[in-house]
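Worksheet for the structure shown next.
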Amino acid sequence: MAPRTAKALPDLSQYGQLAEYNRKRHFGVTPEPAGKGTERKTGRPLEFIVQKHRASRLHYDFRLEHRGVMLSWAVPKGPSPDPAVKRLAMETEPHPMDYNQFEGVIPEGEYGGGTVMIWDKGVWAPDAVNRLGGEDDVDRQIKKGELKFVLLGEKLAGSWVLVRTRGTRQWLLIKHRDQYASDEDITVTKPLSVVSGRTMAEIARAGRATPRQIAEAAGADPPSIATGGNSRPPRPAAPRKATPKRARPAAARPRARR
Ligand code: MN
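Start counting the sequence shown at 19; every next residue gets the next number (the numbering used here).
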């Protein structure tokens, strides 16, 4: 290690990969986790997650673990398993790995205010064409603007690619042709949380969203399951935590339908 002066150096963590994430949020107000980097344990597969997020507009946040943070893209129409469909994916700020547990409601007026569902989760691996890629391959492919990977999730699986189209932040998310390709619209056929089995409207109501946020969340559920704002009678005694604290992530709920 290079010798350091004994004098304390300035804290540079605020300039790290999660600086933008932290700067945009008020952690005394939002139930989202504060951003800290995570030490990578070797041998553990890389996590991926897709969060359905009804903010000012509906989108799906597609996140891949890389070097202790979740690289993130906002996909307005959601991922498509159809290789003929290219989905716009806007690169957004890296998120902390703790965010993978977050399902709930971001208060109105806060950054990204609205309802968040854990729509899919699983593991991913970089595809270095004829071998399993490592972190350096990911850095190289991102720099080149063509990141190839395989997913093992509950809704998304197989071989995919993110291709940068212009500037630095605009990408396309495309499914490669393989046994997991299909023309099914999984945003409609598989609309429920993979951790809680809930709809967007149910997450909004449990997270004490405002009436407007509840209506918007319900509008983000497909018509087949949408129940429209507050009109549906409350479900019988959904398991509630005893603590009176406001909206918290519902990570450890039993898995139900999805
Ligand atoms: Mn989002």
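A virtual CB, placed ideally from N, CA and C, is assigned to each residue, including glycine.
All of these numbers come straight from a predicted model, not from anything done at the bench.
Coil, strand or helix - residue i by DSSP
| i | result |
| --- | --- |
| GLN188 | strand |
| ASP79 | strand |
| ILE136 | strand |
| GLU126 | coil |
| ARG230 | helix |
| ARG41 | helix |
| ALA236 | helix |
| LYS70 | strand |
| GLU65 | strand |
| VAL141 | strand |
| GLN35 | coil |
| GLY246 | Residue confidence for GLY246 is low, a pLDDT of 47 falling below 50, so the modelled location carries little weight; the figure read from the coordinates is stated next. Coil at GLY246, not helix or strand. |
Buried versus exposed call for residue i [16 or more other C-beta atoms within 10 Å across all chains shown]
| i | result |
| --- | --- |
| PHE167 | buried |
| GLU234 | buried |
| LYS161 | exposed |
| GLN197 | exposed |
| SER242 | exposed |
| ARG85 | exposed |
| SER31 | Because the pLDDT of SER31 is 47, which lies under 50, any placement of that residue in the model is unreliable, and the number read from its coordinates should be weighed accordingly. It counts as exposed. |
| PRO144 | buried |
| GLY61 | exposed |
Same chain, Cβ closer than 6 Å to residue i, neighbours up to 5 away in sequence not counted
| i | result |
| --- | --- |
| SER200 | PRO99 |
| GLU83 | LEU64 and GLU65 |
| LYS42 | TYR129 |
| GLU38 | GLU111 |
Own chain, CB closer than 7 Å to residue i, minus 5 neighbours either side, in chain order
| i | result |
| --- | --- |
| GLY171 | PHE66, ASP138, LYS139 and GLY140 |
| GLU51 | The amino acid at residue 51 is misidentified as Glu; the sequence shows Pro. Only PRO114, ASP116, TYR117 and PHE120 meet the Cβ criterion. |
| THR183 | TRP189 and LEU190 |
| VAL206 | PRO240 |
| PRO125 | VAL47, THR48 and GLY131 |
| ASN248 | With a pLDDT of 45 at ASN248, under the threshold of 50, the predicted position of this residue should be treated as unreliable, though the coordinate-derived value follows. Here the set comprises PRO229 and ILE232. |
Cut-off 8 Å between Cβ atoms - residues of its own chain near residue i, not counting five sequence neighbours on either side
| i | result |
| --- | --- |
| LYS54 | LEU36, PRO114 and ASP116 |
| PRO101 | ILE192, LYS193, HIS194, ARG195 and ALA199 |
Chain B contact for residue i (CB, 8 Å cutoff)
| i | result |
| --- | --- |
| VAL103 | Of the protein chains in this structure there is only one, and it is not chain B. |
Unbroken stretches of the beta strand (DSSP E), 3 residues or longer, contained in the segment 145 to 226: 164 to 171, 175 to 184 and 188 to 193
Evaluate contact between the segment 114 to 128 and the segment 64 to 75, counting only Cβ atoms and requiring at least three cross-stretch pairs below 8 Å. yes
For the segment 78 to 118, list the beta strand (DSSP E) runs that are entirely contained and at least 3 residues long, ordered along the chain. Under the rule that a run must span 3 or more residues, the beta strand (DSSP E) segments found entirely inside the segment 78 to 118 read 87 to 93 and 104 to 114.
Closer than 8 Å is the cut-off here; do at least three beta carbon pairs connect the segment 178 to 190 with the segment 96 to 110? yes
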